[in-house]
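What follows is a short report on a single structure.
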Amino acid sequence: MAKLPTPDENGRLILEIYAHFNSRPGHVLRANNFVAVAARRRLHMEDIQQGLEYAVSQNWIEETENGSLRLTDVGFSEMPD
39 MAKLPTPDEN GRLILEIYAH FNSRPGHVLR ANNFVAVAAR RRLHMEDIQQ GLEYAVSQNW
99 IEETENGSLR LTDVGFSEMP D
């Protein structure tokens, strides 16, 4: 039976996208970066949105003044190798 991803799994998906861009702490991505990777990987945008919300709640990323998303030190330490 099919199973929906958990918020944690979606949050870690966001960290995988930062890893895709070889990000380090402080690196900023815009919404179009997430959309492009999601389209290539055929991911659901609902999962991306939930992942972004979860990643913010875990202090893995933070929103900048212009709406971009910055990877934190905490998020970097949680990124996949």
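Be aware that the sequence shown starts at 39, since it is given in our numbering, and climbs by one per residue.
Note that beta-carbon positions come from the ideal geometry of N, C-alpha and C, so glycine has one too.
* If we ignore side chains and look at the alpha-carbon of each, how far apart do residue 75 and residue 112 end up? -> 22 Å
* Enclosing alpha helix (DSSP H) for residue 90 [first to last residue] -> 83-95
* Asked: Does the beta-carbon distance from residue 73 to residue 86 come in below 9 Å?
  -> yes
* To do: Decide if residue 50 is buried, meaning its Cβ has at least 16 other Cβ atoms within 10 Å, or exposed.
  => buried
* Asked: Does the distance from the CB of residue 110 to the CB of residue 101 come in under 9 Å?
  -> no
* Asked: For residue 108, which residues does DSSP report across the bridge?
  -> 66 and 100
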